[in-house]
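Per our numbering, residue 1455 is the first one in the sequence shown, and the count goes up by one each step.
Just below is one structure, and these are the notes that go with it.
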Amino acid sequence: MVPRPEGAVLRGDRAAVHGELERLESVERAGRTRDDSLWRPYLDVVEKELERGHVDVAVRAWQDAYGAALASRSWESMIAVGDAFMAIGRASGTARGARMNAREAYLTALIRARRDHSVDGAIRSAEAFWELDERAVVEQCLHIAAQLAAGDEQARQRVREARQHWAARQAIMGF
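Structure (structure tokens):
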């Protein structure tokens, strides 16, 4: 759990995101294994089946990848399975429908990044949520990244660059 400065009160959408993260974190198992060899081959199958136009087979392989990613307990695996499900959604013409599964994977990635004290994981989660057009979650990811970066100037610089990138994208999009 990352401490918040005293007096830092979350409101609105960010408070809702924070509450959702806290709820999900209570069911996310702690600990981490480094055996990433299990989920990657499944994602290779997803990619190959999508290239062949076999969306149904890709979905079944994705389910196996998701289970293996959950077991790996790494944030990287959850980002990868979220991205893979978005690719399935695009291939099937149902990108909006894929958002729910991808969102769940990305939230799990953020929780794991926070547990691992991974600034890069929190920033990568922000990028994933940007693609889902979830601005409040992006802001919460960057807030978590900034907390994790405290005391590490290189990490703080990466967070500043991510915030600048995010602000520039918002300006371009007219938000």
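Note that CB positions come from ideal geometry on N, CA and C, so glycine has one too.
Owing to the predicted nature of the structure, the values given are computational and were not obtained by experimental measurement.
Any chain B beta carbon closer than 8 Å to residue i
i	result
histidine 1508	Judged by its chain identifiers, the structure shown contains no chain B, having just a single protein chain.
Minimum C-alpha distance to residue i - residue among the options
i	options	result
methionine 1627	Ala1522, Gln1601, Trp1584, Trp1529	Trp1584
arginine 1623	Arg1553, Leu1492, Ala1525, Ala1580	Ala1580
leucine 1596	Glu1607, Trp1620, Leu1586, Asp1587	Trp1620
glutamate 1593	Ala1616, Arg1610, Asp1574, Gly1551	Ala1616
arginine 1566	Leu1524, Glu1503, Glu1501, Ala1609	Leu1524
leucine 1586	Tyr1496, Leu1504, Ile1533, Gln1517	Ile1533
serine 1531	Glu1558, Gly1543, Met1554, Glu1588	Glu1558
alanine 1603	Arg1568, Val1535, Gln1618, Ala1625	Arg1568
isoleucine 1542	Pro1495, Gly1575, Arg1506	Arg1506
Inter-residue spacing [alpha-carbon to alpha-carbon] between residue i and residue j
i	j	result
valine 1613	aspartate 1510	39 Å
tyrosine 1560	glycine 1605	26 Å
valine 1499	alanine 1515	6 Å
histidine 1571	valine 1513	31 Å
serine 1528	alanine 1519	13 Å
arginine 1546	histidine 1508	Reading the sequence as shown, one finds serine at residue 1546 and not arginine. Approximately 9 Å, taken between the alpha carbons.
valine 1573	alanine 1609	7 Å
proline 1459	alanine 1599	With a pLDDT of 45 at proline 1459, under the threshold of 50, the predicted position of this residue should be treated as unreliable, though the coordinate-derived value follows. Distance between the alpha carbons of proline 1459 and alanine 1599 is about 14 Å.
alanine 1590	aspartate 1467	6 Å
serine 1526	leucine 1504	24 Å
leucine 1492	glycine 1536	16 Å
isoleucine 1577	glutamine 1618	12 Å
Coarse secondary structure for residue i, derived from DSSP in three states
i	result
glycine 1536	helix
alanine 1515	helix
leucine 1497	helix
aspartate 1467	helix
glycine 1461	Only weak support is given to the placement of glycine 1461: the predicted model assigns it a pLDDT of 45, under 50, and the question is left unresolved by the model.
isoleucine 1626	helix
valine 1456	Residue confidence is low: valine 1456 scores 41 on pLDDT, short of 50, so the model does not pin down where it sits. No coordinate-derived value is stated.
glycine 1507	coil
glycine 1521	helix
alanine 1621	helix
serine 1526	helix
alanine 1604	coil
serine 1491	coil
**OP:** Tell me the start and end of each unbroken alpha helix (DSSP H) in the region 1539-1593 that is at least 4 residues and wholly inside, in chain order.
**Re:** 1549-1569, 1573-1585
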